[in-house]
Each structure stands twice: as structure tokens, then as C-alpha cells.
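In what follows, a structure is listed as C-alpha cells, so that the remarks can point back to it.
There are 2 protein chains.
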Amino acid sequence: MTTNQLDRTLSALADPTRRAILAQLTSGERTVTELAEPFEMTMPAVTKHIKVLEKAGLVERSRDAQKRPCRLRAAPLKEVSDWIEEYRQSWEESLDRLGGYLQELQSTGRGHGRKEHIGSRKNKRRK
Amino acid sequence: MTTNQLDRTLSALADPTRRAILAQLTSGERTVTELAEPFEMTMPAVTKHIKVLEKAGLVERSRDAQKRPCRLRAAPLKEVSDWIEEYRQSWEESLDRLGGYLQELQSTGRGHGRKEHIGSRKNKRRK
DNA sequence: TTTATATTTTATCTTTTAGTAAATTAACTA
DNA sequence: TAGTTAATTTACTAAAAGATAAAATATAAA
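Residue numbers (the UniProt record's numbering), protein chains in the order written: chain A, 1 to 127; chain B, 1 to 127.
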């Protein structure tokens, strides 16, 4: 199976350490040492995680003396976002059904249920 | 590392076979045999993929005689969507920079470049 | 040149993942 | 009851992922 960009991005994201690294990078460049600090993990382990992120195009690096600062490149996330949008309607419908069910529970036996504005999110799509 | 819901969802999605299974389920319920048909893979292999999706809460199953129809449960994708939204501004900025660069290429040497709004996003940092 | 700092490479280990073939279970059908 | 269909379980293999310790590389600073 030819591993494409979406595969690389999603499997990079599937690891909590790597997501935490990306989160650190949202506030700016960080060296490997800085990135490694919050984790109970050796430097080589962090280096490896960074490489996975780099291959997925989620991290870019430069050089500053002995340091190799990393910065976030979020562009590949757009592809994930686009993929997931195909399913938005599907999950909104199911959440609506849940909402409707809860509401029904509430109003049952109370005689004044106000269900009208519930369970009707189908056309509330983000532009 | 305690594997949470987001981990399970993302690693389930990181496999192209499993994403293809989800795609098949968008048009309705499917049996394991039907789901397996497009793949060059044995049934047990598909059964395993379905189990991964099931544990991530992305697929739910019922019973119809010997058949075990699968249906899509897209709700866990909302969590992925919410996670990724945190990065939207970040990737939109970088795509803007790319757009700006292309625009700059176009206008260079034409005598009426409108570069003012280009390449000047340094202080547009996320709150 | 020696020393300190930052990071990577190499070699190794363990666990997880993805797949298979063969046997088994479960339910319908003749 | 025997046979068929649908799916799973079991046992096994190969490859990938995640981590480590120790050695190596690269750069700056004394």
C-alpha cells in the first residue's frame, strides 16, 4: 500500500507525544532540548518523534549554532480537515439524535416539551 | 501511556484500508463480506480492521442471521475536528504566505505590484 | 586545543500491528 | 441431519514502531 500524505499525517498525529510537540510549537520555535523537557523520555526518542513529524511535513527545522530549532508547519492538517469534513453531517446527525433523545427524556411526562429547535442542525454547515 | 479516545480514533484513521471501510459505510450498512470485497485481503484481516474501528467507536454492529452488519458512527470524528481546529489559523496563515508569494511572482517586473499586504504577517500571532 | 553543549547515529530490545492459513462457531437451508 | 454461508478464533509470522544506552558529530567557548 503506497503510503500517501494523509497516511503520514494521520499516523504522525496518532501519537500523544507528537501532538504535544506540535502544541508546544504553536507558541513559537523550540529546540529539541526544550521540546524534550516535558517528557520522561530520552533525547533520541524525541529526535525520532520530530523526524516523524518532519516527514509528515508538520515540522520544519533550521540551524542556530549547535541548536536545531523546530517550527510548526500546519499546512498538512488542511488535508485532514478536508477529509473529515465529509463526515461532519454524519456526526452532527447522530449528535442531534442524542440531543433529541435527551430532550425527549426531559419532556416525557411533563406535558410541555419544547423539541422544536432540537435535532435540526443538518444545514448548519461551516462555509 | 494511557491510550485515550483521540489516540484510538487517530490511529484507527491512520490506515487507508480502515478509511476506505468508513467511506463504504457512508452509503449505509454493509456486511463484513461486502466490506472485504474491494480489498486484496483475507476476511480475518478485514475482521481485525473492523475491530479496530469498533474499539475507536467509529463502527457499530448488529446481527441479522449469520450476517453482522456494520454501520458508521461518526461521533468520535468530532473530537478530531475540534483538535484540528486549534491549528486552522496556523495553516491558513501559511497558505496565505504561499498565496502572497505566488502573487508577488506575478506582479514582479510589471510595474504595478501591490505587495503591501504581502509577506507582512509577522505580528499576526495567535492570541 | 580542550571542554562543554546540542543533537544525531548506531546497535539493540520489546511491543504492537498487519497479515495469513486452518480450524471453529453460528445460523440458515435442503 | 448434512451441507452452506458468514464471520470469528487460534496460532503463527514478518515488519514497523517506540524506546534505550553508548558512541559519534558539530559548533561554540575557554
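Where is the CB? At the ideal position from N, CA and C, for every residue including glycine.
Please name the residue in the options whose C-alpha comes closest to that of residue i.
i: L95(B); options: A74(A), R61(A) and V80(A); result: A74(A)
i: S90(A); options: N4(B), G28(B) and L13(B); result: G28(B)
i: D15(A); options: I50(A), T3(A), T26(A) and P44(A); result: I50(A)
i: L13(B); options: V52(B), P38(B) and T33(B); result: V52(B)
i: T31(A); options: L72(A), E104(A) and W83(A); result: L72(A)
Below 7 angstroms on C-beta distance, what does residue i contact in chain A?
i: D7(B); result: A14 and P16
For residue i, which residues in chain A fall below 8 angstroms Cβ to Cβ?
i: L95(B); result: A75 and K78
i: I21(B); result: Here the premise fails: no neighbours, minimum Cβ distance about 13 angstroms.
Keeping to the same chain, check which residues put their C-beta closer than 6 angstroms to that of residue i; ignore five residues upstream and five downstream.
i: R61(A); result: R68 and C70
i: L6(B); result: E79
Contact criterion: CB-CB distance below 9 angstroms. Does residue i meet it with respect to chain A?
i: T26(B); result: yes
i: R126(B); result: Its pLDDT being 33, under 50, R126(B) is placed unreliably in this model, and the value from its coordinates should be taken loosely. At least one chain A Cβ lies under 9 angstroms of R126(B).
i: R88(B); result: yes
i: S81(B); result: yes
Closer than 9 angstroms, CB to CB, is residue i near chain B or not?
i: I50(A); result: no
i: L53(A); result: no
i: S62(A); result: no
i: L72(A); result: yes
Can you find the residues in the same chain that come closer than 7 angstroms, C-beta to C-beta, to residue i, ignoring five residues on each side of it along the sequence?
i: R8(A); result: K55 and A56
Please determine whether the Cβ atom of residue i lies at a distance below 8 angstroms from any heavy atom of the ligand NAP.
i: A20(A); result: In the structure shown, the ligand NAP is absent, as is every other ligand, since no ligand is present at all.
By the criterion of Cβ-Cβ separation under 7 angstroms, what are the contact partners of residue i in chain B?
i: L10(A); result: L10, L13 and A14
Counting only the same chain and skipping the five closest in sequence on each side, list residues whose C-beta sits under 8 angstroms from that of residue i.
i: L10(B); result: V80
i: T47(B); result: V32
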